[in-house]
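For what it's worth, the UniProt record's numbering labels the leading residue of the sequence shown as 1, then goes sequentially. Cβ atoms here follow ideal geometry from the backbone N, Cα and C, with glycine treated the same way.
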Amino acid sequence: MSRKIYYEGWIIADYEDKEFLEKLGIRLGKYNEETTSFENCEVSLEALEKLDPYWGRFYWGLWPSESSVSS
1 MSRKIYYEGW
11 IIADYEDKEF
21 LEKLGIRLGK
31 YNEETTSFEN
41 CEVSLEALEK
51 LDPYWGRFYW
61 GLWPSESSVS
71 S
């Protein structure tokens, strides 16, 4: 079995960007209006590669997750 790499963390974005981020394949967590960020997000390596060019429009702190999905 191979393991799929995921990252967990937060993404600073406007709430209006929710649909766009989800189309990149990101599982968004709860939105925090005080920090204007989605918390407890789950991002696959593929989604992170799609998100990467948008640094500056969005900011994030993502760390490799121990929980992985078998494929």
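Nearest-angstrom Cα separation, counted from residue j out to residue i
i: residue 13; j: residue 20; result: 10 Å
i: residue 66; j: residue 56; result: 27 Å
Residue range of the unbroken beta strand (DSSP E) whose run includes residue i
i: residue 19; result: Where residue 19 is concerned, there is no enclosing beta strand (DSSP E), although the alpha helix (DSSP H) it sits in stretches over 18 to 23.
i: residue 66; result: Element bounds for residue 66: n/a, residue is neither H nor E.
i: residue 12; result: 6 to 12
Local conformation of residue i per DSSP, three classes
i: residue 30; result: coil
Start and end residues, alpha helix (DSSP H) containing residue i
i: residue 47; result: 45 to 51
Residue-level contact to chain B via CB, residue i, 8 Å cutoff
i: residue 19; result: The chain labelled as chain B is not found in the depicted structure, where only one protein chain is given.
Opposing strand residues paired with residue i [DSSP bridges]
i: residue 59; result: 12
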